[in-house]
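2 protein chains.
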Amino acid sequence: MAYEGRVLVALADPTRRAIIEKLATGGCSVAEIARSLPVSQPAISQHLKVLKQAGLVRDTPSGARRIYSIDRDGLGPLRQWLDRFWGDQLAAFKALADLDGAI
Amino acid sequence: MAYEGRVLVALADPTRRAIIEKLATGGCSVAEIARSLPVSQPAISQHLKVLKQAGLVRDTPSGARRIYSIDRDGLGPLRQWLDRFWGDQLAAFKALADLDGAI
DNA sequence: TGCCTTCATAAGCCATGGCTTATTATAAGC
DNA sequence: GCTTATAATAAGCCATGGCTTATGAAGGCA
Chain A
1 MAYEGRVLVA LADPTRRAII EKLATGGCSV AEIARSLPVS QPAISQHLKV LKQAGLVRDT
61 PSGARRIYSI DRDGLGPLRQ WLDRFWGDQL AAFKALADLD GAI
Chain B
104 MAYEGRVLVA LADPTRRAII EKLATGGCSV AEIARSLPVS QPAISQHLKV LKQAGLVRDT
164 PSGARRIYSI DRDGLGPLRQ WLDRFWGDQL AAFKALADLD GAI
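These protein sequence lines are chains A and B, in that order. Per our numbering, the very first residue in the first sequence carries number 1; after that it's consecutive. Per our numbering, the very first residue in the second sequence carries number 104; after that it's consecutive.
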């Protein structure tokens, strides 16, 4: 599948979006994520696998635990794909950025 | 469901992305889309319903036909949601835009 | 070594969703 | 009015995916 497809499928699930929101507050272990959501630890692991394969999440071993965190570069493919059809928004962003710079 | 959820679910399906790519070349009737893809007309109608409810597509009656086209404003909710977690990209966009302006 | 914690994988269940064919409603043209 | 074309809806089929429990593998510590 195209890469933007993996990203979109990964983000289409509400539980995976909840994981992203959790990780936005800082790196977390799997158990920590599982404790903050109403699903089992294996379910979290499965979701993290999907997010990782989509490039949205990174993990670094830390002893017996694994610290997961948001991959800042993971959204590139999706942005590129979206800009193919909603590219006008890029111009709007540019205008906004210029405005910001002027203030 | 949150609006960004509808948008993500809508774009997660490859057939719906193909419809978006087709509509990017200009407004199309349902039959025209169905002819360009290996699925039936009812399937296209079902997909268009999902895309419309997500705000990604607009339709205007034209006789017995309906012309569908991309809604340029439909991506706002998704951009906002993405920027909550990948907001650094906005800074990158700003830098890029500034650079463009400088050239 | 033995025990506990942490995490990934396996297997199976079940709801969801994308597809089909059949049908209905509306508009255009004879 | 009748026929044709276009598109939406209904009903049903089936694969996919998200969840569970059970199990296994690897690290830290007494």
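No residue lacks a Cβ here, since even glycine has one placed at the ideal position from N, Cα and C.
Closest to residue i by CA distance: which of the options is it?
| i | options | result |
| --- | --- | --- |
| V30 (chain A) | A:L8, A:V57, A:V7 and A:A12 | A:V57 |
| S188 (chain B) | A:P77, A:D59, A:L82 and A:I70 | Checking the displayed sequence, the identity of residue 188 (chain B) turns out to be Phe instead of Ser. Looking at the Cα atoms, A:I70 is the closest of the given residues. |
| P180 (chain B) | B:A157, B:R169 and B:Q144 | B:A157 |
| D73 (chain A) | A:A43, A:K52, A:T60 and A:G87 | A:K52 |
| V110 (chain B) | B:H150, B:I170 and B:R168 | B:H150 |
| S165 (chain B) | B:I122, B:A121, B:C131 and B:Y106 | B:C131 |
| Y106 (chain B) | B:V153, B:P141, B:E135 and B:A121 | B:V153 |
Please report the Cβ distance between residue i and residue j, rounded to the nearest whole angstrom; I am assuming they are in contact, meaning their Cβ atoms lie under 8 Å.
| i | j | result |
| --- | --- | --- |
| K22 (chain A) | S36 (chain A) | 6 Å |
| G5 (chain A) | P145 (chain B) | Not a contact, Cβ separation roughly 24 Å. |
| A64 (chain A) | A115 (chain B) | Incorrect: roughly 34 Å between the Cβ atoms, too far for contact. |
| L178 (chain B) | L82 (chain A) | 6 Å |
Beta carbon of residue i, beta carbon of residue j: below 7 Å?
| i | j | result |
| --- | --- | --- |
| R119 (chain B) | A113 (chain B) | yes |
| A137 (chain B) | I147 (chain B) | yes |
Name the residues in the stretch 114-126 of chain B whose C-beta lies less than 9 Å from a C-beta of chain A; which are they? The residues in question are L114, A115, D116, P117, R120, I123, E124 and L126.
Given a limit of 8 Å on CB to CB distance, which residues of the stretch 153-177 of chain B reach chain A? Taking 8 Å as the Cβ-Cβ cut-off against chain A, the residues of the stretch 153-177 of chain B that qualify are I173, R175 and G177.
The stretch 139-151 of chain B: positions lying closer than 7 Å to chain A by Cβ: Closer than 7 Å at the C-beta level to chain A, one finds no residue of the stretch 139-151 of chain B.
Taking only runs that begin and end inside the stretch 145-184 of chain B, name each unbroken alpha helix (DSSP H) of 4 or more residues, in chain order. Runs found: none.
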